[in-house]
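Please read the structure below before turning to the comments.
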Amino acid sequence: METWDAIRARRNVRSFDRRPIADADLERILEAGRRAPSSRNWQPWDFVVVTDRDQLQALSRVWQGAAHVADSAATIALILSTALEGRDHGIALYDLGQATANVQIAAADLGIGSGHAAVADQEMAREVLGLPQDRRAVYLIDLGYPADHPLAPLHKPDRRPLQDVAHRGRW
476 METWDAIRAR
486 RNVRSFDRRP
496 IADADLERIL
506 EAGRRAPSSR
516 NWQPWDFVVV
526 TDRDQLQALS
536 RVWQGAAHVA
546 DSAATIALIL
556 STALEGRDHG
566 IALYDLGQAT
576 ANVQIAAADL
586 GIGSGHAAVA
596 DQEMAREVLG
606 LPQDRRAVYL
616 IDLGYPADHP
626 LAPLHKPDRR
636 PLQDVAHRGR
646 W
């Protein structure tokens, strides 16, 4: 898939079929996250990849909106230091957003669907992921092949019209 097609095809997938993701594809997706831009090339993230079915099931309980994680082929937990505060914390969250976009577009390029979830129960996440006390799970990106229909560029996305969103020069 071309980059523009991958961007247009990416959608939140919440229902996955049971096919595993090839190791080479998972490595490519992780590499896309690793290569994401970050402020001052800081790279404040770590990624924990989960493919074990029991572990995915447990991870799906870290937030009430994360049930789809249980049926994913793989889920990537995006991890930050617990010491981050104030401006640094805000910058790190922005950087995680860029890593998330890279991961999801790279996955779409491979025909792999993705979704995202927050993490509310840090103790459960720490236990499931084996995180040290100085780290916390911020977001989850679940991955898998869509159960309903394959990814394809959306010609009429459910988005506000560009002319309502983009302002040139001034508001």
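Going by the working numbering, the sequence shown opens with residue 476, and the numbers climb by one from there. Just so you know, even glycine gets a beta-carbon here, dropped at the ideal spot from N, CA and C.
The C-alpha of A558 lies about 7 Å from the C-alpha of D609. The Cβ-Cβ distance between A533 and V578 does not fall below 7 Å.
Taken atom to atom, the span from the alpha-carbon of A545 to that of L531 is near 5 Å.
Bounds of any alpha helix (DSSP H) do not take in H591; it lies within the beta strand (DSSP E) bounded by G588 to A593.
Taking T526 as the centre and dropping the five residues before and after it, the same chain places the C-beta of A549 closer than 6 Å to its C-beta, in chain order.
Uninterrupted alpha helix (DSSP H) stretches at least 4 residues long and entirely within the stretch 511-541 occur at 528-534, given in chain order. Annotated as proximal: V523 and A552, with beta-carbon spacing under 7 Å. Assigned with DSSP and collapsed to three states, Y620 falls in coil, not helix or strand. The C-beta of T575 has 16 or more other C-beta atoms within 10 Å across all chains shown, which makes the residue buried.
DSSP places T575 inside the alpha helix (DSSP H), whose first and last residues are G561 to D584. Contact annotation: the stretch 537-544 touches the stretch 582-592, with at least three C-beta pairs closer than 8 Å. The C-beta distance from A567 to L585 rounds to 27 Å, too long to fall under 8 Å, and the pair is not in contact. Per DSSP, the beta-bridge partners of T550 are V525 and D617. Under DSSP, L555 forms a beta bridge with R611. In this structure, D570 lies near P519, with their beta-carbon atoms less than 7 Å apart.
The distance from the Cβ of R483 to that of P628 is about 4 Å, consistent with a contact at the 8 Å cut-off.
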